[in-house]
Amino acid sequence: MQEKKKFKMPSKSRVAFNILNYGIFGLFTFLCIYPLWYIFIYSISEPSRSAVETVILWPLGFSLSNLKQVLQLKGFFTSVMVSVARTVLGTCATVFSCTLLGYVFTKHHFPARNFLYRMLIVTMYIGGGMIPTYLVYRSYGFVNNFLVYIVPSMISAYYVILIKTYIESIPPSLEESAILDGAGYMTVLVRIIMPMSKPIIATIGVYAAVGQWNAWFDNHIYNFTNKKLEVLQYKLYKFLQEAQQLVDLMQESSQEINVENMLTPFAVRMTVTFLTVMPILFVYPFLQRYIVKGIMIGAVKG
Numbered sequence: 000m001q002e003k004k005k006f007k008m009p010s011k012s013r014v015a016f017n018i019l020n021y022g023i024f025g026l027f028t029f030l031c032i033y034p035l036w037y038i039f040i041y042s043i044s045e046p047s048r049s050a051v052e053t054v055i056l057w058p059l060g061f062s063l064s065n066l067k068q069v070l071q072l073k074g075f076f077t078s079v080m081v082s083v084a085r086t087v088l089g090t091c092a093t094v095f096s097c098t099l100l101g102y103v104f105t106k107h108h109f110p111a112r113n114f115l116y117r118m119l120i121v122t123m124y125i126g127g128g129m130i131p132t133y134l135v136y137r138s139y140g141f142v143n144n145f146l147v148y149i150v151p152s153m154i155s156a157y158y159v160i161l162i163k164t165y166i167e168s169i170p171p172s173l174e175e176s177a178i179l180d181g182a183g184y185m186t187v188l189v190r191i192i193m194p195m196s197k198p199i200i201a202t203i204g205v206y207a208a209v210g211q212w213n214a215w216f217d218n219h220i221y222n223f224t225n226k227k228l229e230v231l232q233y234k235l236y237k238f239l240q241e242a243q244q245l246v247d248l249m250q251e252s253s254q255e256i257n258v259e260n261m262l263t264p265f266a267v268r269m270t271v272t273f274l275t276v277m278p279i280l281f282v283y284p285f286l287q288r289y290i291v292k293g294i295m296i297g298a299v300k301g
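Under numbering that gives the first Met the number 0, think of the first position of the sequence shown as 0, with each following residue one higher.
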C-alpha cells in the first residue's frame with residue numbers, strides 16, 4: 000500500500016506572498032469595479048439626499064427619478080435608435096467586407112497581392128490626416144450623411160489580418176474539392192470558408208460592434224449640424240458639457256418634478272453615463288471569450 004502523503008504546511012514566506020498577491024489583485028479589482036458601481040448607485044439614489052450627502056458605497060435611498068428625467072430629455076431615444084442602427088449595419092458591413100478581403104489575400108495568384116497587402120498594413124500606422132479625410136468625405140457626400148458611420152469603417156487592416164491568418168489555417172483540400180465540383184470562389188467563401196471561420200468572424204464582430212457603439216468623434220466632426228444623426232455617445236458628450244443647462248431646462252419645462260426630485264448637474268452626468276455604458280456591461284460577459292480569442296489570434300498574425 001502506498002503511504003498517504005503528509006500535508007505540508009506552507010512556509011511563512013509563501014503565506015506572506017499569497018496575502019500580498021491577493022491584496023494587490025483585490026485592490027486592483029476594486030479600483031476597476033468601483034467607478035462603475037459608483038455611477039450606478041448615484042443614479043438610483045434619491046436626488047434630495049445625493050445633492051447634500053456623500054454617496055460612497057451604497058445608494059442613498061432608492062429612486063428612479065434621475066433615470067426617468069434623463070430618459071425624457073429631447074432627442075435621447077432618437078440617439079439610441081441611431082446608435083443601434085449604426086452598430087448593427089456597421090458591424091455587418093465590416094464583417095462581410097473584411098472577410099471577403101481577407102479571403103482574397105489568401106490567394107497567391109492574386110495580381111499584386113503582396114504589394115496591396117503591405118499597403119493595407121501601412122494604413123494601420125499612417126493616416127491621411129483629419130483635414131484631407133474631411134475633404135475626401137465631403138467630396139463623396141458623406142458629410143451630414145448616415146453613410147459616414149458605415150462606409151469608412153467597412154475595412155479594417157487589423158481585422159483583415161486576423162481573418163487572413165485564420166483562413167490560411169483551414170485545409171486547402173476542402174476548397175480544392177469544391178472547385179473541382181464546379182463551385183466558384185464566392186460559393187466557396189459563403190458555403191465553406193465562412194461557416195468554418197465562425198470563431199474569428201464572431202471575434203471581429205464583437206470588436207466592430209463595440210467600436211461602433213462607443214464611437215462619437217466622427218459624429219462630432221462630420222455630422223455635428225444634423226441633430227437627427229446624433230449617436231448616443233455624442234449625446235452623452237453634449238450632456239456632460241451642458242449638464243447645468245439641461246437641469247435648468249428640465250426644471251422650467253416640467254411641472255411634475257418637485258424640489259426633492261430635482262436633478263443636479265452631477266446627477267445628470269452620472270445617470271447619462273450609466274445609461275450609455277449599461278448595454279456594453281450586460282453584453283460583455285457573454286462575448287468575453289471571443290475577445291480573448293481575438294487577442295490570441297492577433298498575437299500570431301501575419
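Heads up, the beta-carbon is just placed ideally off N, CA and C, and yes, glycines get one too.
| task | May I ask which residues mark the beginning and end of the alpha helix (DSSP H) holding residue 174? | result | Per DSSP, the unbroken alpha helix (DSSP H) holding residue 174 starts and ends at 171-179.
| Excluding five sequence neighbours on each side, which residues of the same chain lie with their C-beta closer than 7 Å to the C-beta of residue 105? | Hits under 7 Å: 163, 166 and 167.
| query | Can the beta-carbon of residue 145 be found less than 8 Å from the beta-carbon of residue 228? | reply | When the beta-carbon positions are compared, residue 145 and residue 228 come within less than 8 Å of each other.
| query | How big is the Cα-Cα spacing for residue 151 and residue 211? | reply | Rounded to the nearest angstrom, the two C-alpha atoms are 12 Å apart.
| task | Take the Cβ of residue 258 as the centre, count every other Cβ of all protein chains shown within 10 Å, and call the residue buried at 16 or more, exposed below. | result | Low confidence applies here, because residue 258 scores a pLDDT of 47, under 50, leaving its location unreliable; read the following figure in that light. Using a 10 angstroms sphere on the CB of residue 258, the tally of other CB atoms stays under 16, which defines it as exposed.
| query | Looking only at its own chain, which residues have a Cβ that is under 7 Å from the Cβ of residue 94, when we skip the five neighbours before and after it? | reply | Closer than 7 Å at Cβ, skipping near neighbours: 200, 203, 204 and 207.
| query | In or out: residue 10 buried (at least 16 other Cβ within 10 Å) or exposed? | reply | Counting Cβ neighbours within 10 Å, residue 10 comes out exposed, since fewer than 16 surround it.
| So, helix, strand or coil for residue 194, using DSSP? | Residue state, collapsed to three classes: helix.
| task | Measure from the alpha carbon of residue 279 to the alpha carbon of each residue in 177, 232, 236 and 157, then state which is nearest. | result | Nearest to residue 279 by C-alpha distance, out of 177, 232, 236 and 157, is 232.
| Would you call residue 215 buried or exposed, if buried means 16 or more other Cβ atoms sit within 10 Å of its Cβ? | Residue environment analysis places residue 215 among the buried positions, since at least 16 neighbouring C-beta atoms fall within 10 angstroms of its C-beta.
| request: Can you give me the start and stop residues for the alpha helix (DSSP H) that residue 84 sits inside? | output: Run containing residue 84: 75-103, per the alpha helix (DSSP H) assignment.
| request: Compare the C-alpha of residue 46 against each of 24, 221, 270 and 237 and name the closest. | output: Closest option to residue 46, judged by alpha-carbon separation, among 24, 221, 270 and 237: 270.
| request: Go through its chain and collect everything with a Cβ distance to residue 42's Cβ below 7 Å, but skip five positions before and after it. | output: Excluding residues within five positions, the ones whose Cβ falls inside 7 Å are 65, 66, 269, 270 and 273.
| Would you call residue 33 buried or exposed, if buried means 16 or more other Cβ atoms sit within 10 Å of its Cβ? | Residue 33 is classed as exposed because its beta carbon has fewer than 16 other beta carbons within 10 Å across all chains shown.
| Residue of 176, 153 and 169 minimising C-alpha distance to residue 91 | It is 153 whose Cα lies nearest to the Cα of residue 91.
| Since residue 267 contacts residue 69 with CB under 8 Å, what's their CB separation in whole angstroms? | Between residue 69 and residue 267 the Cβ distance is about 7 Å, and since that is below 8 Å, they are a contact.
| Going by the beta-carbon positions, is the gap between residue 157 and residue 123 smaller than 8 Å? | Taking the C-beta atoms as reference points, residue 123 is found nearer than 8 Å to residue 157.
| query | So what does DSSP say about residue 303, is it helix, strand or coil? | reply | Because the chain spans 0 through 301 in this model, residue 303 falls outside it and cannot be assessed.
| query | Which residue from 237, 83 and 287 puts its Cα closest to that of residue 198? | reply | Comparing Cα positions, the closest option is 287.
| said: Less than 6 Å between C-beta atoms, sequence neighbours within five positions excluded: which residues of the same chain meet that for residue 62? | reply: 45, listed in sequence order.
| said: Can you find the residues in the same chain that come closer than 6 Å, C-beta to C-beta, to residue 263, ignoring five residues on each side of it along the sequence? | reply: Here the set comprises 50.
| said: Short of 7 Å in beta carbon distance, which residues of its chain neighbour residue 101, apart from the five on each side in sequence? Order them along the chain. | reply: Within the same chain, residue 101 has close Cβ partners 159, 162, 163 and 166.
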